[in-house]
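S.K.: Provided herewith is a single structure, encoded as structure tokens, for subsequent inquiry.
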Amino acid sequence: QVQLMESGPGLVQPSETLSLTCTVSGFSLTSYNVHWVRQPPGKGLEWMGVMWSGGSTDYNSALKSRLSISRDTSKNQVFLKMNSLQSEDTTTYYCATGPYNWFAYWGQGTLVTVSS
Amino acid sequence: DIRMTQSPASLSASLGETVNIECLASEDIYSDLAWYQQKPGKSPQLLIYNANSLQNGVPSRFSGSGSGTQYSLKINSLQSEDVATYFCQQYNNYPRTFGGGTKLELK
Numbered sequence: 001q002v003q004l005m006e007s008g009p010g011l012v013q014p015s016e017t018l019s020l021t022c023t024v025s026g027f028s029l030t031s032y033n034v035h036w037v038r039q040p041p042g043k044g045l046e047w048m049g050v051m052w053s054g055g056s057t058d059y060n061s062a063l064k065s066r067l068s069i070s071r072d073t074s075k076n077q078v079f080l081k082m083n084s085l086q087s088e089d090t091t092t093y094y095c096a097t098g099p100y101n102w103f104a105y106w107g108q109g110t111l112v113t114v115s116s
Numbered sequence: 117d118i119r120m121t122q123s124p125a126s127l128s129a130s131l132g133e134t135v136n137i138e139c140l141a142s143e144d145i146y147s148d149l150a151w152y153q154q155k156p157g158k159s160p161q162l163l164i165y166n167a168n169s170l171q172n173g174v175p176s177r178f179s180g181s182g183s184g185t186q187y188s189l190k191i192n193s194l195q196s197e198d199v200a201t202y203f204c205q206q207y208n209n210y211p212r213t214f215g216g217g218t219k220l221e222l223k
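Chains E and V supply the protein sequences, listed in that same order.
For the first sequence, the working numbering begins at 1 and goes up steadily by one.
For the second sequence, the working numbering begins at 117 and goes up steadily by one.
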């Protein structure tokens, strides 16, 4: 079955770069698009960007200058890198996917805290 | 960006009651709308897609309706396991955008 699992450092220093990995199973990265979505504690959801099945990317313009999404199809992994982290980037980060335009499958999320 | 305005922000209802949650898009999204349920400490789960199609495995007491800019999620005969926060999301355009959420509690 389709599964996604986010992994990352948990704690990042202010102004540093965040690196997260979404490891997927049950589908091919060349078939489904994989999105990144984040959610501050107790707040709403923000779409960050997408790795298209064809290998290109799109980003939320609000984050575009700091964000990079890439993948390794041989390892079934999608990567997120975001630089210049600040306290407002303390959120839970999710990867999500599905065969259509809605997000039928989500990872369990990984909480990243930005603090010195 | 398409703005999604959800109402109410919070809602208290009794077991067995019918609940309605509204979602208003800032422009026509042509029924490209999904509803998600999120329980505390968990990731969102898809309930409804294409405004009114029930995701496999979701109880039939959940239903969606609407068109154009106005959409709603209805929960019939509220159960204790329905206590959660509900989000709408448009996928008509990028960036994908979500409503602010409706927190549903038991009265």
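Glycine residues also receive a C-beta, built at the ideal position from the N, C-alpha and C atoms.
(1) Indicate whether at least one CB of chain E lies closer than 8 angstroms to the CB of Ser128 of chain V.
(2) For Ser87 of chain E, which of helix, strand or coil comes out of DSSP?
(3) Would you kindly work out how many angstroms separate the C-alpha atoms of Gln195 of chain V and Ser74 of chain E, rounded to a whole number?
(4) Sort out for me which residues DSSP pairs Ser128 of chain V with in a bridge.
(5) Pick out whichever of V:Gln161, V:Gly182, V:Ser123 and V:Asn166 has its Cα sitting closest to the Cα of Gly173 of chain V.
(6) Going by alpha carbons, who is nearest to Asp117 of chain V out of V:Trp151, V:Tyr165, V:Arg212 and V:Lys219?
(7) Would you check if the distance between the CB atom of Leu163 of chain V and the CB atom of Gln171 of chain V is smaller than 8 angstroms?
(8) Give the straight-line distance between the Cα atoms of Ile145 of chain V and Gly215 of chain V, rounded to the nearest whole angstrom.
(9) Are the Cβ atoms of Ser7 of chain E and Thr21 of chain E separated by less than 8 angstroms?
(10) Within 8 angstroms (strictly less), CB to CB, does Pro124 of chain V reach chain A?
(11) One question on the structure: do Tyr207 of chain V and Trp102 of chain E come within less than 8 angstroms of each other, judged by their Cβ atoms?
(12) Taking Cβ-Cβ distances shorter than 8 angstroms, what residues in chain V pair up with Asp72 of chain E?
(13) Is Gly10 of chain E near Thr113 of chain E, with beta carbons less than 8 angstroms apart?
(14) Quick one: residues in its chain with C-beta nearer than 6 angstroms to the C-beta of Asn83 of chain E, no 5 flanking neighbours on either side, listed in chain order?
(15) Using Cβ-Cβ distances below 8 angstroms, what residues of the segment 140-155 of chain V are close to chain E?
M.R.: The answer reads as follows:
(1) Within the second sequence, the letter at position 12 stands for residue 128 of chain V. Closer than 8 angstroms: no.
(2) Counted from its first residue, the first sequence places residue 87 of chain E at position 87. If DSSP states are grouped into helix, strand and coil, Ser87 of chain E belongs with the helices.
(3) Your numbering for residue 195 of chain V matches position 79 in the second sequence. Your numbering for residue 74 of chain E matches position 74 in the first sequence. Gln195 of chain V and Ser74 of chain E: Cα-Cα distance of roughly 44 angstroms.
(4) For the purposes of this step, residue 128 of chain V is taken as residue 12 along the second sequence, with counting starting at 1. Partner(s): V:Glu221.
(5) Taking the first residue of the second sequence as 1, we reach residue 173 of chain V at position 57. With distances taken between Cα atoms, Gly173 of chain V lies closest to V:Gln161.
(6) By one-based count along the second sequence, residue 117 of chain V stands at place 1. When C-alpha distances from Asp117 of chain V are compared across V:Trp151, V:Tyr165, V:Arg212 and V:Lys219, the shortest belongs to V:Arg212.
(7) Residue mapping note: residue 163 of chain V aligns to position 47 of the second sequence, counting from 1. Residue mapping note: residue 171 of chain V aligns to position 55 of the second sequence, counting from 1. Yes, these two residues count as a Cβ contact at 8 angstroms.
(8) By one-based count along the second sequence, residue 145 of chain V stands at place 29. By one-based count along the second sequence, residue 215 of chain V stands at place 99. Computed Cα separation, rounded: 13 angstroms.
(9) Here the question's residue 7 of chain E lines up with position 7 in the first sequence. Here the question's residue 21 of chain E lines up with position 21 in the first sequence. In contact: Ser7 of chain E and Thr21 of chain E (Cβ atoms closer than 8 angstroms).
(10) The structure shown contains no chain A; the protein chains it does contain are E and V.
(11) The count along the second sequence starts at 1 and reaches residue 207 of chain V at position 91. The count along the first sequence starts at 1 and reaches residue 102 of chain E at position 102. It is a contact, given that the beta carbons lie within the stated cut-off.
(12) Translated into positions along the first sequence, residue 72 of chain E becomes position 72. Result: empty, since nearest Cβ-Cβ is about 23 angstroms, beyond 8 angstroms.
(13) By 1-based counting over the first sequence, the position of residue 10 of chain E is 10. By 1-based counting over the first sequence, the position of residue 113 of chain E is 113. Yes, the Cβ-Cβ distance between Gly10 of chain E and Thr113 of chain E is below 8 angstroms.
(14) Your numbering for residue 83 of chain E matches position 83 in the first sequence. Cβ within range, chain order: Thr17 and Arg66.
(15) Asp148, Ala150 and Tyr152
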